[in-house]
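Trainee: Encoded as structure tokens, here's the structure I'll be asking about.
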């Protein structure tokens with residue numbers, strides 16, 4: 155029997171008092187999740203923690219041993235509340251050092267901009283000892299990788315630019331494929347048949363997501379698997395079963 | 155010396171494959187965070203976990219002992235993938251029972267609606283033994299409270315309705331007060347003075363959130379504390395310090 159392929163997993167740590175206070179709506183969970191899926195890596199857990207070293211250390215150390223990859227967003231700017239690099243250095247029990255290439259990038263970036271590369275700006279060249287840089291095409295300060303931990307910016311478009319710089323560079327497996335079957339029916343009306351279809355198709359997951367729109371109930375049934383053929387077979391079976399009880403499904407692709 | 159008032163803390167567990175796959179953008183973190191703040195309760199951690207019993211049990215059991223309150227969203231509908239109630243019963247090591255009042259609410263709700271209160275719909279009356287209901291003014295199925303764990307719907311407007319039903323009913327402390335001082339300057343230019351103002355004002359937290367808009371850099375400096383006078387004093391001091399280096403701040407309130 156062929157060995158089933160390895161599932162590559164990741165966790166995400168959002169470092170942000172501004173998310174926990176409700177001031178800022180998070181945009182990084184969704185974009186990291188979608189990007190990981192394209193890389194064939196499954197996002198399995200997200201934690202949002204405050205800007206506190208102890209909380210960051212606990213989350214990163216718990217997740218980096220249980221997942222192939224850990225991503226963090228937030229807390230890598232030049233101000234006093236940016237403590238991600240120091241916290242992750244603590245988690246790895248290594249000192250913080252100035253990365254020569256990061257320093258060069260920042261010197262270049264701030265050349266001719268008053269007051270030049272100040273001590274605060276130089277904070278953005280600090281990395282845990284042994285770390286590599288993640289290119290940041292959108293602004294001066296780079297991201298940082300140490301071990302299996304990828305430290306990204308919190309500002310969503312900068313985080314996005316760092317993800318794009320990592321495109322295709324991480325080892326992953328087969329991406330998850332999904333097909334959504336939409337039905338204009340309350341999910342409670344079709345729960346039994348849905349469970350039957352789920353039970354008849356091991357290897358796929360069917361999620362049911364209800365909505366209420368334009369005065370009517372409906373639900374999206376999302377069929378997911380790394381096996382595209384299995385997804386297709388299962389989605390077809392579900393559509394047929396819905397038709398057999400008089401519900402005409404709409405496939406969303 | 156008077157004892158300093160207790161800080162009431164909460165954690166949130168988002169149960170949702172759809173969030174981890176990137177299919178759905180989360181809207182519950184922000185609304186739960188803001189609502190908790192109004193109740194004088196601090197949201198200290200969020201975890202997003204998949205629709206898997208083991209993951210839910212681990213998260214809930216780890217967080218319910220370390221926080222005053224735990225909220226969960228998602229997984230309480232009528233379909234096979236709705237496993238929150240069973241998982242939290244496992245976490246508390248109690249059986250799942252049909253709550254008579256929940257059954258009555260659902261009987262009422264589905265009266266005259268074909269095919270009536272089916273087995274799937276009755277799933278929504280199941281609760282961990284010993285639990286109480288959380289009223290759901292927006293649709294039939296109620297939320298559930300067991301111990302310090304509050305089980306809410308995942309659909310944002312239904313979760314919202316359940317939160318409103320809990321308004322003012324949870325013991326909390328003083329709500330966090332914040333004032334935002336906006337400056338049209340790169341945060342790296344003002345990082346030193348920001349740190350000085352932070353160091354001079356113990357008891358407040360200053361967060362710095364950069365933005366780039368209309369061709370210019372800017373940052374919001376958010377001053378937060380449960381002590382409104384302290385927030386005011388610190389925000390005024392920060393504004394004055396910014397003016398002293400030629401930056402005219404805009405207060406956002």
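Protein chains in written order, with the working numbering: chain A, 155 to 407; chain B, 155 to 407. We put the CB at the ideal spot given by N, CA and C, even for glycine. Keep in mind the model is a prediction, meaning the values are calculated, not measured.
1. Within 10 angstroms of its Cβ, does residue 362 of chain B collect 16 or more other Cβ (buried), or is it exposed?
2. Measure the Cβ-Cβ separation of residue 285 of chain B and residue 253 of chain B and say whether it is below 8 Å.
3. Among the residues of its own chain, which have a CB less than 6 Å from the CB of residue 163 of chain A, if the five just before and after it don't count?
4. What number of angstroms, rounded off, separates the C-alpha of residue 389 of chain B from the C-alpha of residue 336 of chain A?
5. In its own chain, which residues sit with a C-beta less than 6 Å from the C-beta of residue 201 of chain A, not counting the 5 before and 5 after it?
6. Does residue 224 of chain B come out as helix, strand or coil in the three-state DSSP assignment?
7. Which class does residue 396 of chain A belong to by DSSP, given the choice of helix, strand or coil?
8. Would you mind sorting residue 404 of chain A into buried or exposed? The rule is 16 or more other CB atoms within 10 Å of its CB.
9. Could you compute how far the alpha carbon of residue 279 of chain B sits from the alpha carbon of residue 176 of chain A?
10. Step through the CB atoms of chain B and report whether any lies within less than 8 Å of the CB of residue 274 of chain A.
11. Within a Cβ cutoff of 6 Å, which residues of the same chain sit near residue 159 of chain B, ignoring the five residues on either side of it in sequence?
12. Can you list, in chain order, the stretches of the alpha helix (DSSP H) that have 4 or more residues and sit fully within the region 244-311 of chain A?
13. Taking Cβ positions only, does residue 363 of chain A come closer than 8 Å to chain B?
14. Could you list which residues in chain B have their beta carbon closer than 7 Å to that of residue 204 of chain A, in chain order?
15. If the cut is a Cβ gap below 8 Å, which residues of chain A does residue 226 of chain B touch?
16. Please work out which residues of its chain come closer than 6 Å, Cβ to Cβ, to residue 172 of chain B, disregarding the five sequence neighbours upstream and downstream, and give them in chain order.
17. Apart from the five residues just before and just after residue 248 of chain B, which ones in its own chain have a Cβ nearer than 7 Å to its Cβ?
18. For chain A, is any of its Cβ atoms less than 8 Å away from the one on residue 288 of chain B?
19. Inspect the beta-carbon positions of residue 210 of chain A and residue 238 of chain A and report whether they are closer than 8 Å.
20. Just by C-beta distance, which residues in the region 313-326 of chain B are closer than 9 Å to chain A?
21. I need the straight-line Cα distance from residue 392 of chain B to residue 348 of chain B, nearest angstrom please.
22. Look at the alpha carbon of residue 370 of chain B and the alpha carbon of residue 357 of chain B, and state the distance between them as a whole number of angstroms.
23. Start and end of the alpha helix (DSSP H) containing residue 187 of chain A?
24. Please state whether the Cβ-Cβ distance between residue 231 of chain B and residue 364 of chain A is less than 8 Å.
25. Mark residue 383 of chain B as exposed unless 16 or more other C-beta atoms lie within 10 angstroms of its C-beta, in which case mark it buried.
26. Name the chain B residues whose beta carbon is nearer than 9 Å to that of residue 257 of chain A?
27. To the nearest angstrom, how far is it from the Cα of residue 353 of chain A to the Cα of residue 194 of chain A?
28. DSSP three-state call for residue 334 of chain B: helix, strand or coil?
29. Between the C-alpha atoms of residue 360 of chain A and residue 302 of chain B, what's the straight-line distance to the nearest angstrom?
30. Counting only beta-carbon separations shorter than 8 Å, does residue 309 of chain A have a partner in chain B?
31. Given residue 396 of chain B, which residues of its chain have a CB within under 6 Å of its CB, disregarding the five upstream and five downstream residues?
32. Taking just the CA atoms, how far does residue 323 of chain A sit from residue 333 of chain B?
33. Pull up the distance between the alpha-carbon of residue 386 of chain A and that of residue 234 of chain A, whole angstroms please.
34. With H, G and I counted as helix, E and B as strand and the rest as coil, what does DSSP make of residue 177 of chain B?
35. Any C-beta of chain A sitting closer than 8 Å to the C-beta of residue 336 of chain B?
36. At 7 Å on the CB atoms, spell out the chain B contacts of residue 182 of chain A, in chain order.
Mentor: For this structure:
1. buried
2. yes
3. 196, 198, 221, 222
4. 51 Å
5. 167, 213
6. strand
7. helix
8. exposed
9. 31 Å
10. yes
11. 327
12. 254-264, 273-276
13. yes
14. 198
15. Here the premise fails: no neighbours, minimum Cβ distance about 14 Å.
16. 178
17. 282, 283, 284
18. no
19. yes
20. none
21. 7 Å
22. 32 Å
23. 182-192
24. yes
25. exposed
26. The premise fails here: residue 257 of chain A is roughly 14 Å from chain B at the closest Cβ pair, so nothing lies under 9 Å.
27. 25 Å
28. strand
29. 31 Å
30. yes
31. 337, 403
32. 42 Å
33. 52 Å
34. coil
35. no
36. Within 7 Å Cβ-Cβ: nothing; residue 182 of chain A doesn't reach chain B, min ~10 Å.
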